[in-house]
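Participant: Keeping their order, the protein sequence lines are chains A, B, C, D and E. All you need for this note's numbering is the position in the first sequence, starting with 1, plus 302. All you need for this note's numbering is the position in the second sequence, starting with 1, plus 935. All you need for this note's numbering is the position in the third sequence, starting with 1, plus 29. All you need for this note's numbering is the position in the fourth sequence, starting with 1, plus 3. All you need for this note's numbering is the position in the fifth sequence, starting with 1, plus 3. The following block contains the structure, expressed as structure tokens.
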Amino acid sequence: MVVLLLLLIPLIGACFLFLYKGDYRFASNAALRVSLASLLVMGARLFYWNTPEMLTFSVPWLTSLGSSFSLRMDGLGTMLSILTTASYFLLFWYLKDRSIERPATFFAWLLLAQVGMLGVFLAIDSLLFYFFWELALIPMYFLASQWGGVRRIPVTFKFFIYTFLGSVFMLIGILYLQSKTADHSFALESIKKIRLSSDQQSWLFWLFFIAFAIKLPVFPFHTWQPDTYEESPTPVTAILSAVMVKMGILGLLRWLLPLFPIASYMWGDVVMSMAVVGIVYASFLAMQQTDLKRLVAYSSIAHIGLMTAGAFALNNMAYQGLQLQLFTHGINILGMWILADLIERKMGTRKIDSLGGIAQQSPTLTIFFVIIALANIALPLTNAFVGEFLLFNGILATPSNYYWVFAGVGGLGIIFSAVYTLKMIRAIFYGEVNAITQKPIVLESHECWVLSVIVGLILFFGIYPQPLLDMTADFSKELFSLTDITSLFRKS
Amino acid sequence: MPINYYLFLAIALFSIGVVGVLTRRNAIIIFMCIELMLNAVNLLLVAFSKMHYKQAAAAAIPIANPGIDGQLFVFFIMVVAAAEVSVGLAIIVMLYRNIHSVDINFLNRLKH
Amino acid sequence: MNALLVSAILGVLLMLSSVFIKNKSYIHTLALAGLAGLFMLNLAELNGWLLFEIDLKGMLRFDRYALVMNAIMLASLFFYLLLSGRAMEKVGPHYADYLALLFFICAGLFMVTGYASLLILFLGIEVISIPLYILTGSDKRNLKSNEAALKYFLLGSFSTGLLLLGIAFFYGARGNFSATVSVDPTVVGSSLQLASLLLLLFAMSFKVSVAPFHFWTPDVYDGAPTVFTSFMATIVKVALFAAFVRLFEDTFSLQFSIWQPWVAGFVVLTLLIGNLTAVFQQSVKRMLAYSSIAQAGFMLLAVYAINGDSKEGLLLYAASYSLATIGIFAVLSHLQDYTFDGFNGLAKKQPVVAASLAIFFLSLAGIPLTGGFLAKLFMIKAALAYQPWLAIVAVIMAVVSVFYYFRVIQAMYFRSADDQEMMPEFPKSFPILLLVTALLVVLLGIFPETLLGLLYF
Amino acid sequence: MSISAILFWVLSVAALFSALMVVTSRNPIHSVIWLIVTFFAISGHYILLNAQFLAVVNIIVYAGAIMVLFLFVIMLMNLNKESEPARHRWLQLAGGVSGGALLLVLVAALKDTELKSQQSLMLEGNTGLIKTLGQELFSNYVIPFELSSILFLSAMVGAVLIGKKD
Amino acid sequence: MQSSFQLAFLIPLLPLIGFLINGLGRNQLSKQWSGLIGAGTIMGSFLVSLFIFQSVESGNTAVVSYFDFIRIEGLRIPFAFQIDALSSLFLLIITGIGFLIHVYSISYMHEESSSSFARYFSYLNLFVFSMLLLVLGSNYVVLFIGWEGVGLCSYLLIGFWFKNQVYTKAANKAFIMNRIGDLAFLLAIFWLIIKTGSASFQEVFEFVQGNQGTSKFTATDITVVSLLLFIGATGKSAQLPLYTWLPDAMAGPTPVSALIHAATMVTAGIYMIARSNIIYSLAPFTLTLISWVGLATALLAATIALRQYDIKKVLAYSTVSQLGFMFLALGSGAYVAAVFHVLTHAFFKALLFLGSGSVIHAMGGEQDIRKMGGLSGKLKITYVTFLIGCLAIAGLPPLSGFFSKDAILLSAFLHQPLQYGIALFTAFLTAFYMFRLLFLTFHGSFRGTAEQQAHLHESPALMTIPLIVLALLSVVGGWIGIPAVLMHEADWLGSFLAPVLSSSTHEVSHATEWMLMSLSVVGVLLTIGFAWFLFRNYRERESKGLLRFFEHKWYVDELYDRLIVKPIFYLGRLLKEWVEPRFIDALVNGVGKTVQLAGRQIRFLQSGQIGSYVLLMVLAMVTVLLVQFFIRK
């Protein structure tokens, strides 16, 4: 029931906003209330509504195809649902006082995207999963293309085509799997029962992986991402990178790894290489960027590279770290985008070179920025540290022969992330003020609150991440039992 | 006569029709060549009809009116051809009224 | 059979109506009412209620599949008339005659979906084609329309020649024209049967515009008056596909292994040519012509993999593709500028129209939650049972199709109009009707069971 | 060689020759005349096959009505001279070659058909008689017969629609 | 557990509270309050530390666990403190010297605005908090948290005056170089966790001792772990090749240099290796490497210090050099000597830095010793204390530096006589550059501007009292580790640390020991004399040859710039301008372009000519028929 509510609330909100053409204040308030309702439902789920009946929902649908409308909220789903609802709430709160053209439609699309993403996180029927996967994409496309920057049309179109291309390969994989199930069903449980040869696993693996790799994005499938992040309106970018890329990781964790464990092991080296090369590559590019949004975009690629590598580490530690990181990366990058948006909006530029000295005029903003940026580079006692710690630990423990290469090269990201982050902080905040940065950035109270909540989350889970780790413990354990290489090879 | 002779004759006539369609520029001539193709088919159908007639006659159990389907089909082809001609010529005339030519090479407003 | 006879009678009625009724909106209403009646009669037949008891003598066979297909076509036609009916008035003064021809074609459509003898197939195709030649050329002063009509006529007749030669071979080998019996090809006249199979394949490919027999399509669709292009590209094509499937499912099922690779080749070729050429078009109408070729490539997968999935898929395809294309053409026929720029800024001026159009294009591109997606899904699933690479080609081409479909969406939503004067005006009820059509397309994507259920209950 | 065989060969040669002349004549009028000759030759074949009804219909409908219509149109358009410019040489060649290839392929494909030993019965059998055909047409073939009326109706409407001057 | 240990959480908590109050209330608090809170919390921590120290000295140790920081299937990392001899000793150093420096800072930073004053104290408190976490942690992860925390505070404090981009650049450099080491440290932790299943010191060491050489923990594992840990230490403790950040770190306020970049943070590496001595004792190769790296660093930094003119730079290089000595001790297996030197060095180096701060304060911000001279008259207390510091660092008995340095030299001698030789030479160099600094600053004639001269004054009491206290400590600090040869059973430190640190068992005859001591003392005295001769009256001279090489710091910064920074930058440029747009993105766009191009070509099939359409159709048919009848058969 909870799962259904989670989908219905934003859906109804979106429909309402599509039909109602209110002014900005009205639209943003409505959206904020909708997101608050989702968040409250999620909160209730954490503390009261946690019986299995509340967490699953299944009705027949597309029976002729063997699909059903089945949702289930496991640990991973809980984590990502919290992230989604929280991110939306914070973002909408932050957007309370703005002016955006056609506001009702804007918020409606965002809420529709929320439906899509939550659906992806909760679906346990592969066709349904695919449905939501695309449903999340369309609103993003419209948002980015309508409210974006100058080059928005070609850039977002590339984004759309690229991700769509990836997802249709996955569709083929899904259909193939369905045809192999005993009961001709798309349900995850049925698919898990198929015994696939390693050859079959191999090509199915790639069909699925390309979809996820593009969505994530993993080097070298990433070229849509910096452009799209740059051209999208920043709130959309925030959702894209805070929540949407998690769809790819979820795909890896819930679908790819458990369904094709042998292929995941066989191709693990290739994927890991892509991922760690991506970390270094993206870091290098991030160091070279002069545009704040592009810089954050590349840094996000580097983080995603780490997460991808972690997913293929195939051990419990990495899984736990990865899932923790899903949440923490989401919160941190959301904070980064909000700050980037604040700076761009108030300074009128996001060119790093033309900024400088903001720390003198706006110390509060600087503090928020530094804390969030440091969380982004996983300083201890910030939330990202534990995740990255476990991730790297898991990567070093990967069953591959090249574990030390992956850990070493990937670890360079730790250094490089510090390089570009500090460079950015220095260029934007330090030094003397100039004509552009003369005016102090005064934070509105709600902006302050949003950032404080984010910083609070960063510090709280940096010091005490155990609740989040516990949340995903069962899922990790199960996943590990399905992908444990030693036991897999013992079986076969 | 062996059926093969009719078969080849019909195919030859049909192919001549095709060649005509391919090599001529006058829409009316092309149309005539198509009629030639239809006639080749007609001839073949009649020949087959008589072949089946003979087969049926040789068979132990007689069936009513063997081979008649083919000839009736020919009849229908002629019916259709007549209808087609009336419409086709009307179209050609209409075109002629507008561009004063029936040369299909001039039909190149629609391409790519 | 109900609908077939009644539609012919309706045709005659409409033909005569122009004499008695001068007000065109009455004629339009009459046609709509007639169509609604036809639809009900068809549904009645689906439930076993027949208007006339006629001995069909093995010439026609209205099974559930044919009847469901007919229902889909009738529904599409209904929406077509609702949305585009009045646009026909702009073509020429013979409004009632156009409608009469449409109903005659309708009879032909029922013939090709329900044929049991190749004779009926032939007659049906001709009953469809001849009025279409006329409708294509109905904009008499327009040289493009003239040219399209002649091209269509000549090429169509040529393909009829091929069809007939195929039928003649068929007759030579089997001694009858029955399409319901599949004769073991090893017993008698195998090479004749093979030749007839291939010739029929060519002829049918021509009729449904499958590459490399598609050449007439872009020119004819482009040249014909937009209202009639819409009809040709949707309902007619769908009916012919039903005939195509029936021919290869019933008549040639035992030669499956022979024709399947060829069909696969045609699928690939059609998808490639249709999609790639559409990418480069500047006119939306011509783009839609190529896209209809591309969609034909997908529908051909139903022939390729004759199984339950593909037949159900074809039904879904028929419904979603027809409705979407009809909707798009209905809007297009109101525009002055057929280039992509003609759609610039439509979303601001006409949000409902733009939203509906967006849904149509999303459906054509095969985005989930639209009927088009499920239709493609069925097709790919069917193909996957035989050849994974074919499915892969198909989906890649589906992605390519996004290239050109989304150009319209981009124009409508993300660009602004240069010239507000060029913005089209729509009749009052038009956006609502369009929205209803779009919702139907979405419903097909969410609850396809309601449609597919007709097949089994 | 029996008389029917001789007749067959004569008619075949006549049909092929006149068909070729249809395609090759520069003057459209000549083409029409040659086509009529072809139809006559084919009608001759029908008679040989004892399909009398079709032979007669072929002469009346095709050679008579249809070809006259053609002739009429050509006259109307004043095309009664060798006005048609030749196509490109290579296009003609390509057309001829591909048509020839079609012929060759079909003949080669069908020359060994299992039916090659079968004979077409000549000069006997009553299937081609009007009476039998009529009976069949109005019993078993009544549905297609009726349906073809739709064809004519639409052709009629169409011809009027297209031909009428607005 | 000793009841006093239950207060252990207060030690880091108090500075944290100070940080929070000062940080959040920086706009509200007055300077007095900020300073009071900043220094008061540290005082509190110091008192608790003393309390705990007492308890430890009476033989109690404990691991106090608070909550599980990370608990997953197969791994549990508690947030726990380990209280034993080593940590309690460091606690005292940190809180004690930290407190003095806080007090000093109140006066030193008085010119700052009240909000940046509070910011300063909050950073300083946060630093102390991190450092305390570092030494208190009972496992590598908590240690690492503190480890990164001190790095962060160092970054924040170096860039404290963030308007100056040179300073912020130095801050970045410090942080990044630390991160390089941190990566290695992290990898070492991961390695340990994977192999031993734990990160806690006790469990790891037990496991390593129990399973060394077996397949569970092979010799390779030991080498890898010890090497990685050492690389981590080189970053934090400014050893070759990662030392260049430390001299640049002098951009921060002088008390910061004293606290962080001399007394505490930079010794974290030594603490960590000393803490891991059980692993190191099993890794002879790494130990040798450490000793050589330490020695090389000591020598290199000493030579550079010879020709520096910035008062703080000299001290910075001297710090690097002294840290090298400590690593030499570690490498020789003399962990106690290393820790001893950490302690004494903390005293006299903090003293020297604070003294230099006093000088800079008096000179109105001037740091160039060429512009000083003859300050001894005006800055009497500063001069005396500075002199004591110099004597201590030069290693003259009975000052503290003598004992600790002597212990190191002795261990080097036992370990490898060549190393001893170099180390001794470096010790002479130390005396030389320190007294060069002293003479140039305080002796001779004043070389600054008249304005500066008029401004010269002794610092206020808040600054001089810490100087005096530190000077006292510098004198007596060495007496806790008097070698047996001088006084029997006076090596209190050695026995105190014995439960934690394994000590080398080599014994050496008293005669040798006497000889070594006297050699160094005589050498140092001679060196001081030489320095007096050279620098009593300073004349500016163009440095040539080797000296020029030293003055330019061996061109190491330039070398790094050429070898690492620039290549990375150019590689980044290459990736940005070539690989990304012209290769990866071009590949993606190329697919799109190919589709368009194909479309453009294929559409020419649609020629508009009926003839060609039919031709193509016929050709297609012929092809299909041909293939079907004659090829596929």
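We put the CB at the ideal spot given by N, CA and C, even for glycine.
1) Counting only C-beta atoms, is E:Glu115 closer than 8 Å to chain A at any point?
2) Mind checking the stretch 604 to 622 of chain E against chain F and listing, in chain order, the residues whose C-beta falls within less than 7 Å of any C-beta there?
3) So which residues on chain C does E:Leu601 lean against when the C-beta distance must stay under 7 Å?
4) By Cβ distance, which residues of its chain are closer than 6 Å to C:Val297, with the 5 residues on each side in sequence left out?
5) What does A:Gly637 touch in chain E if you count any residue whose Cβ is under 9 Å from its own?
6) Please list the segments of the alpha helix (DSSP H) lying wholly inside the stretch 298 to 331 of chain C, counting only runs of 4 or more residues, in order along the chain.
7) Whole-angstrom Cβ separation of D:Gly53 and D:Gly128, contact assumed at under 8 Å?
8) When you compare the CB positions of C:Val292 and C:Leu344, do they come within less than 8 Å of one another, or not?
9) When the Cβ atoms of the stretch 140 to 155 of chain D are set against those of the stretch 33 to 49 of chain E, are three or more pairs found closer than 8 Å?
10) If C:Ser158 and C:Thr263 are in contact, beta carbons under 8 Å, what's the gap, nearest whole angstrom?
11) Going straight from the alpha carbon of A:Met773 to that of A:Phe763, what length do you get?
12) Of all the options E:Ser335, E:Val317, E:Met490, which has the alpha carbon lying nearest to the alpha carbon of E:Leu303?
13) Around the C-beta of C:Ile38, are 16 or more other C-beta atoms found within 10 angstroms, so that it is buried, or is it exposed?
14) With a threshold of 7 Å on Cβ separation, who are the neighbours of A:Leu382 within its own chain once the five nearest residues in sequence on each side are excluded?
15) Going by the beta-carbon positions, is the gap between D:Phe73 and B:Ile963 smaller than 8 Å?
16) Mind reading off the beta-carbon distance from E:Ala349 to E:Ala266? Whole number of angstroms is fine, and I expect it under 8 Å.
17) Report yes or no: is there a C-beta of chain D within less than 8 Å of the C-beta of B:Asn1043?
18) Spell out whether any CB of chain C is found under 8 Å from the CB atom of E:Val598.
19) Under a three-way DSSP split, which group does B:Asp1038 fall into?
20) Hey, does D:Ile69 have any beta-carbon neighbour from chain C nearer than 8 Å?
21) Is the shortest distance between the beta-carbon of C:Ile461 and the beta-carbons of chain A less than 8 Å?
22) Please classify E:Pro502 as buried or exposed, where buried requires at least 16 neighbouring CB atoms within 10 angstroms.
23) If I follow the unbroken beta strand (DSSP E) through A:Arg374, where does it start and stop?
24) Which of the three DSSP states, helix, strand or coil, is assigned to C:Leu89?
25) What's the call for A:Glu532, buried or exposed, on a 16-neighbour Cβ count within 10 Å?
26) Tell me whether E:Asn540 sits in a helix, a strand or coil according to DSSP, three-state version.
27) For E:Val138 versus E:Leu94, is the C-beta spacing smaller than 8 Å?
28) Checking 8 Å against the spacing of the C-beta atoms, do A:Gly696 and A:Met574 come in under that value?
29) Give the residues from the stretch 87 to 119 of chain D that approach chain E closer than 8 Å (Cβ to any Cβ), ordered along the chain.
30) Pull the bridge partners of E:Ala83 from the DSSP assignment, please.
31) Taking C-beta pairs closer than 9 Å, name the residues in chain B that C:Gly201 reaches, listed in chain order.
32) Starting from A:Thr358, trace the beta strand (DSSP E) both ways and give me its first and last residue.
Facilitator: Quick answer:
1) One-based indexing of the fifth sequence puts residue 115 of chain E at position 112. No, because no Cβ of chain A sits closer than 8 Å to the Cβ of E:Glu115.
2) In the displayed structure, chain F is absent; the protein chains listed are A, B, C, D and E.
3) Residue numbering aside, residue 601 of chain E sits at position 598 when the fifth sequence is read from its first letter. Position check: residue 601 of chain E holds Ala in this sequence, whereas Leu was assumed. Going along chain C in sequence order, the residues near E:Ala601 (Cβ under 7 Å) are Leu305.
4) For the purposes of this step, residue 297 of chain C is identified with residue 268 of the third sequence, where counting begins at 1. Taken in chain order, the residues that qualify are Val422.
5) Taking the first residue of the first sequence as position 1, residue 637 of chain A is located at position 335. Here the premise fails: no neighbours, minimum Cβ distance about 18 Å.
6) none
7) Here the question's residue 53 of chain D lines up with position 50 in the fourth sequence. Here the question's residue 128 of chain D lines up with position 125 in the fourth sequence. As written in the sequence, residue 53 of chain D is Asn, which differs from the Gly given in the question. The Cβ separation is near 5 Å, so the contact holds.
8) Reading the third sequence from its first residue, position 263 is the one you call residue 292 of chain C. Reading the third sequence from its first residue, position 315 is the one you call residue 344 of chain C. No, the Cβ-Cβ distance between C:Val292 and C:Leu344 is not below 8 Å.
9) no
10) Walking along the third sequence from the start, residue 158 of chain C turns up at place 129. Walking along the third sequence from the start, residue 263 of chain C turns up at place 234. With 8 Å as the limit, C:Ser158 and C:Thr263 do not qualify as a contact, their Cβ atoms being about 16 Å apart.
11) Along the first sequence, read from residue 1 onward, the residue named residue 773 of chain A stands at position 471. Along the first sequence, read from residue 1 onward, the residue named residue 763 of chain A stands at position 461. If I take the Cα positions, the gap works out to 13 Å.
12) In the fifth sequence, the residue the question calls residue 303 of chain E occupies position 300. Considering only alpha carbons, the answer is E:Val317.
13) As a working note, residue 38 of chain C is residue 9 in the third sequence. Answer is exposed; the Cβ neighbour count stays below 16.
14) Indexing the first sequence from 1 puts residue 382 of chain A at position 80. Hits under 7 Å: Phe423, Lys548, Leu552, Leu628.
15) Along the fourth sequence, one-based indexing puts residue 73 of chain D at 70. Along the second sequence, one-based indexing puts residue 963 of chain B at 28. A contact, by the Cβ cut-off of 8 Å.
16) Working through the fifth sequence from its first residue, we reach residue 349 of chain E at position 346. Working through the fifth sequence from its first residue, we reach residue 266 of chain E at position 263. Between E:Ala266 and E:Ala349 the Cβ distance is about 4 Å, and since that is below 8 Å, they are a contact.
17) For this step, residue 1043 of chain B is matched to residue 108 along the second sequence. No - not a single Cβ of chain D is within 8 Å of the one on B:Asn1043.
18) Position 595 of the fifth sequence, counted from the first residue, corresponds to residue 598 of chain E. Closer than 8 Å: yes.
19) Your numbering for residue 1038 of chain B matches position 103 in the second sequence. B:Asp1038 falls in the strand class under three-state DSSP.
20) Your numbering for residue 69 of chain D matches position 66 in the fourth sequence. By this cut-off, D:Ile69 is not an interface position.
21) Here residue 461 of chain C refers to the residue found at position 432 when the third sequence is read from its first residue. False, the Cβ-Cβ gap to chain A never drops below 8 Å.
22) Within the fifth sequence, numbered from 1, the residue matching residue 502 of chain E stands at position 499. Its Cβ having fewer than 16 others within 10 Å, E:Pro502 is exposed.
23) Start at 1 with the first residue of the first sequence, and residue 374 of chain A comes out as number 72. Run containing A:Arg374: 370 to 374, per the beta strand (DSSP E) assignment.
24) To locate residue 89 of chain C, count along the third sequence from 1; it is residue 60. In the structure shown, C:Leu89 sits in a strand (DSSP, three-state: E or B).
25) On the first sequence, position 230 is the one that residue 532 of chain A refers to. That one is buried.
26) For the purposes of this step, residue 540 of chain E is taken as the residue at position 537 of the fifth sequence. Here E:Asn540 sits in coil by DSSP.
27) As a working note, residue 138 of chain E is residue 135 in the fifth sequence. As a working note, residue 94 of chain E is residue 91 in the fifth sequence. It is a contact, given that the beta carbons lie within the stated cut-off.
28) One-based indexing of the first sequence puts residue 696 of chain A at position 394. One-based indexing of the first sequence puts residue 574 of chain A at position 272. In this structure, A:Met574 does not lie closer than 8 Å to A:Gly696 by Cβ.
29) Cβ contacts with chain E: Arg90, Leu94, Ala97, Gly98, Ser101, Gly102, Ala104, Leu105, Val108, Leu109, Ala111, Ala112.
30) Stepping through the fifth sequence from its first residue, residue 83 of chain E is reached at position 80. E:Ala83 pairs with E:Ser68.
31) If you number the third sequence from 1, residue 201 of chain C lands on position 172. Here the neighbours are Ile938, Leu942, Leu979, Leu980, Ala982, Phe983, Met986, His987, Gly1005.
32) Residue mapping note: residue 358 of chain A aligns to position 56 of the first sequence, counting from 1. Segment 358 to 362, the beta strand (DSSP E) holding A:Thr358.
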